[in-house]
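Engineer:
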């Protein structure tokens, strides 16, 4: 009788232990596999776009306010990289904190991939153009050649000749002019972390930044 | 009636969405385009997984509870200094009261707000009102919301206890800017009821409840139809009767329909809205009225009537409020600017039983005119730099027909005043306010120190009363967490 009780206790302990380990394993594996909607981490791409992304970036990735970047036609690698950075809180520019830290915190890798695919496959838009061709011309020279004497690399190296972007370096063509400008100054002040961009923008004058921004708006 | 209290940005929404205040507010309580969509979606957007979740056989949610109850504390303190000390309420002139008042707190609220399920959200507010010295139910808004798969149509149902609380623009209604008001003499705190307004602004917590359906098309066109019924708080009778009428200043008879339409256009950093609304109310006013029929019946039975309004036979005034409102917002990288306001025109058809010319009662008539009108114009400009320093200027003017019996004094319901405000916002949830309210006209074209003011029975002899006696400096603190 006593032996049976001990055995029962042992069995119960093993069972409990198994459940506990299983629970931990499941938790570590990723909550997304177990929880059903409306857990945001199980939302499909379209539902996520509808309920969250589209509110600022537009249903098709063309945001209205320059506070938010246009994502239509953006490179999937860049969107993915940035979303993962936001999730890690590794990108800490003021608007990134205010908006994207929260939005990205529960996203799974699959969701990030899905959203990146969705926005990159939306038709890209054209830039707003310039009203000051002379300024844009100056910016074009800077964009294409940089300033080797001051150790400023050409933008084309990372962003392509027509601002189309390369891998995880973002597409600039068609982006809100004000957004590009704001980000340049954030890089310079170290509020948005990126060694290359900080290096470049630190060496540029305000006028040069304005010229490059103007040129980018024509792409 | 418990005065409707302002409600503002609240941390539970930030905790639920993971978004900072600026996502939904230019400067609380004013909403951004995103904030409007969040509210219309029933406060349901979340980035947190549920703590408790249950589903049925079709994988449909049957329970969805967040790990964080959406509780917030809203606290508002105010120090008011009046340009002139009010008369003493118990002693004759030259006795007078202190010229300042400290409200600590002026208002203290507990709010639950956030998603209840994936399609239902709620805002439930309990408020201690320093002026009333009591705790009561404040704003309630419970929403169900859904949208089409292409997101073109967002639609929903709202049940709320404050007409216009459900609105998402700030040119009109309970969220109009300026929003920080403490005890001003003219608004009824210490003195009279100097700043009369349309009934549209008066159907608040403790007096009505309503249900409405709305649709928002393509992020631009908004339609809403609602109906409000009297829902009197604190009455000790099971249904509304003369006691609750007297306690609450009147009641809505049957249902008051309300229709709202608005058009919004967003471009660049800009957002502009123009809207219109219509309200029709059958209102049973609480007035000192006895009909001859009542008196006859009472004297037959050997009873006496106390002057007061009853339901049957009841005198009903019919209000029609038509409003146009607008809002322009510039929500830029560093600068925020808003220009908003409304014009409301009210037509008040007074019950024949209460109007002097056709008065049939045994007591005294209540209104001079069969029809009174009231027009309120409010315009506000607000500016903030870096969401830290800012201020606003607001102008309110109300004009209307002269009705000496209804309004006392010279009969005018007019009032006109400006609010000047400077704000310092060291943290987004802590705001210091310096406000000056300047009055040119208050009701009856007199100040609350006027001779007929029941609050100041001993004020005869109080010399040289004028509207600007009400001018008030306000130092305020608002915080939430």
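Protein chains in written order, with my numbering: chain R, 1 to 219; chain P, 1001 to 1481. We put the beta carbon where it would ideally sit given N, CA and C, even for glycine.
Could you tell me the alpha carbon to alpha carbon distance between residue 1242 of chain P and residue 1413 of chain P, rounded to whole angstroms?
Structural biologist: Going from the Cα of residue 1242 of chain P to the Cα of residue 1413 of chain P covers about 26 Å.
Engineer: For the alpha helix (DSSP H) that contains residue 197 of chain R, what are its first and last residues?
Structural biologist: From DSSP, the alpha helix (DSSP H) with residue 197 of chain R extends over 195-203.
Engineer: Would you say residue 59 of chain R faces chain P, with C-beta separation under 8 Å as the test?
Structural biologist: It does; some Cβ of chain P falls within 8 Å.
Engineer: Quick one: does residue 1254 of chain P have its CB under 8 Å from some CB of chain R?
Structural biologist: No, its Cβ sits nowhere closer than 8 Å to a Cβ of chain R.
Engineer: Below 6 Å CB to CB, which residues in the same chain sit around residue 186 of chain R once its five sequence neighbours on both sides are set aside?
Structural biologist: If we look at residue 186 of chain R and ignore the five residues flanking it on each side, its Cβ neighbours are 93, 192.
Engineer: Looking at C-alpha atoms only, which residue of P:1362, P:1345, P:1324, P:1063 is the closest neighbour of residue 1295 of chain P?
Structural biologist: Closest by alpha carbon: P:1362.
Engineer: Can you tell me whether residue 34 of chain R is buried or exposed? The criterion is at least 16 other CB atoms within 10 Å of its CB, across all chains shown.
Structural biologist: For residue 34 of chain R, the predicted model reports a pLDDT of 36, less than 50, meaning its position is unreliable and no value from the coordinates is stated.
Engineer: Short of 6 Å in beta carbon distance, which residues of its chain neighbour residue 1006 of chain P, apart from the five on each side in sequence? Order them along the chain.
Structural biologist: Unreliable placement is indicated for residue 1006 of chain P, whose pLDDT of 42 sits below 50; no coordinate value is reported for it.
Engineer: Give the secondary structure of residue 1010 of chain P by DSSP, where H, G and I count as helix, E and B as strand, and everything else as coil.
Structural biologist: Here residue 1010 of chain P sits in coil by DSSP.
Engineer: Is it true that the CB of residue 212 of chain R sits closer than 8 Å to the CB of residue 152 of chain R?
Structural biologist: No, they are not a contact pair.
Engineer: By the 8 Å beta-carbon criterion, what residues does the region 1049-1060 of chain P contribute toward chain R?
Structural biologist: The region 1049-1060 of chain P vs chain R, Cβ under 8 Å: 1049, 1050, 1053, 1055, 1059.
Engineer: Taking its Cβ as the centre, do 16 or more other Cβ atoms sit within 10 Å of residue 1481 of chain P, making it buried, or is it exposed?
Structural biologist: Classification for residue 1481 of chain P: exposed.
Engineer: Just mark residue 1350 of chain P as buried or exposed, buried being the case when its beta carbon has 16 or more other beta carbons within 10 Å.
Structural biologist: It counts as buried.
Engineer: Would you say residue 53 of chain R faces chain P, with C-beta separation under 8 Å as the test?
Structural biologist: Not an interface residue.
Engineer: So, residue 1177 of chain P versus residue 1380 of chain P, is the Cβ gap smaller than 8 Å?
Structural biologist: Their beta carbons are under 8 Å apart, which means residue 1177 of chain P touches residue 1380 of chain P by this criterion.
Engineer: Less than 8 Å between the beta carbons of residue 1436 of chain P and residue 1420 of chain P, yes or no?
Structural biologist: For residue 1436 of chain P and residue 1420 of chain P, yes; Cβs fall inside 8 Å.
Engineer: Any beta carbon of chain P sitting closer than 8 Å to that of residue 201 of chain R?
Structural biologist: Not closer than 8 Å to any Cβ of chain P, the Cβ of residue 201 of chain R fails to qualify, so no.
Engineer: Name the chain P residues whose beta carbon is nearer than 9 Å to that of residue 66 of chain R?
Structural biologist: Within chain P, the residues near residue 66 of chain R are 1268, 1269, 1332, 1333.
Engineer: Might you give, ordered along the chain, the residues of its own chain that have their beta carbon closer than 8 Å to the beta carbon of residue 129 of chain R, omitting 5 neighbours on each side?
Structural biologist: If we look at residue 129 of chain R and ignore the five residues flanking it on each side, its Cβ neighbours are 217, 218.
Engineer: Can you list the residues of chain P that residue 178 of chain R reaches, using a CB-CB cut of under 9 Å?
Structural biologist: Those within 9 Å of residue 178 of chain R in chain P are 1268, 1269, 1332, 1333.
Engineer: With a threshold of 16 other CB atoms inside 10 Å of the CB of residue 1292 of chain P, please say whether the residue is buried or exposed.
Structural biologist: With fewer than 16 other Cβ atoms within 10 Å, it is exposed.
Engineer: I'd like to know if residue 210 of chain R contacts chain P, where contact means its C-beta is closer than 8 Å to some C-beta of that chain.
Structural biologist: By this cut-off, residue 210 of chain R is not an interface position.
Engineer: Less than 8 Å between the CB atoms is what I'm expecting for residue 1154 of chain P and residue 1040 of chain P, so what's the real figure, rounded?
Structural biologist: That pair is a contact at about 5 Å.
Engineer: State the Cα-Cα distance for the pair residue 1269 of chain P and residue 84 of chain R, rounded to the nearest angstrom.
Structural biologist: Taking the straight line from one Cα to the other gives about 27 Å.
Engineer: Roughly how many angstroms separate the alpha carbons of residue 1022 of chain P and residue 179 of chain R, rounded to a whole number?
Structural biologist: So the alpha carbons of these two residues sit roughly 17 Å apart.
Engineer: Quick one: list the residues of chain P neighbouring residue 97 of chain R, beta-carbon separation under 8 Å, in chain order.
Structural biologist: Ordered by position in chain P, the residues that pass the 8 Å Cβ test against residue 97 of chain R are 1020.
Engineer: Under the rule that 16 or more other beta-carbon atoms within 10 Å means buried, what is residue 136 of chain R, buried or exposed?
Structural biologist: So residue 136 of chain R counts as buried.
Engineer: Can you tell me whether DSSP reads residue 146 of chain R as helix, strand or coil?
Structural biologist: In this structure, residue 146 of chain R counts as coil in the three-state DSSP scheme.
Engineer: Could you check how far apart the C-beta atoms of residue 308 of chain R and residue 75 of chain R are, in whole angstroms? I think they sit under 8 Å.
Structural biologist: Residue coverage of chain R in this structure runs from 1 to 219, which leaves residue 308 of chain R outside it and unanswerable.
Engineer: Please return the same chain residues whose Cβ sits closer than 7 Å to the Cβ of residue 119 of chain R, not counting the five positions on each side in sequence.
Structural biologist: Cβ neighbours of residue 119 of chain R beyond the five flanking positions: 61, 71, 72, 74, 79.
Engineer: Beta carbon of residue 1474 of chain P, beta carbon of residue 1080 of chain P: below 8 Å?
Structural biologist: Going by C-beta atoms, residue 1474 of chain P is nearer than 8 Å to residue 1080 of chain P.
Engineer: In or out: residue 161 of chain R buried (at least 16 other Cβ within 10 Å) or exposed?
Structural biologist: The residue in question, residue 161 of chain R, is exposed, as its Cβ has fewer than 16 Cβ neighbours within 10 Å.
Engineer: Give the list of continuous beta strand (DSSP E) stretches no shorter than 3 residues that lie fully inside the region 1375-1411 of chain P.
Structural biologist: If we require 3 residues or more, the beta strand (DSSP E) runs fully inside the region 1375-1411 of chain P come out as 1389-1400.
Engineer: If you measure beta-carbon to beta-carbon, which residues of the region 1139-1159 of chain P are closer than 9 Å to chain R?
Structural biologist: Flagged, chain order: 1147, 1149, 1150, 1151, 1152.
Engineer: Using the C-alpha atoms, what's the distance from residue 210 of chain R back to residue 1011 of chain P?
Structural biologist: Spanning the two alpha carbons is a distance of roughly 38 Å.
Engineer: Where do the N-terminal and C-terminal ends of the beta strand (DSSP E) with residue 215 of chain R fall, by residue?
Structural biologist: Looking at the DSSP string, residue 215 of chain R is not in any beta strand (DSSP E); the run it does join, the alpha helix (DSSP H), is 206-216.
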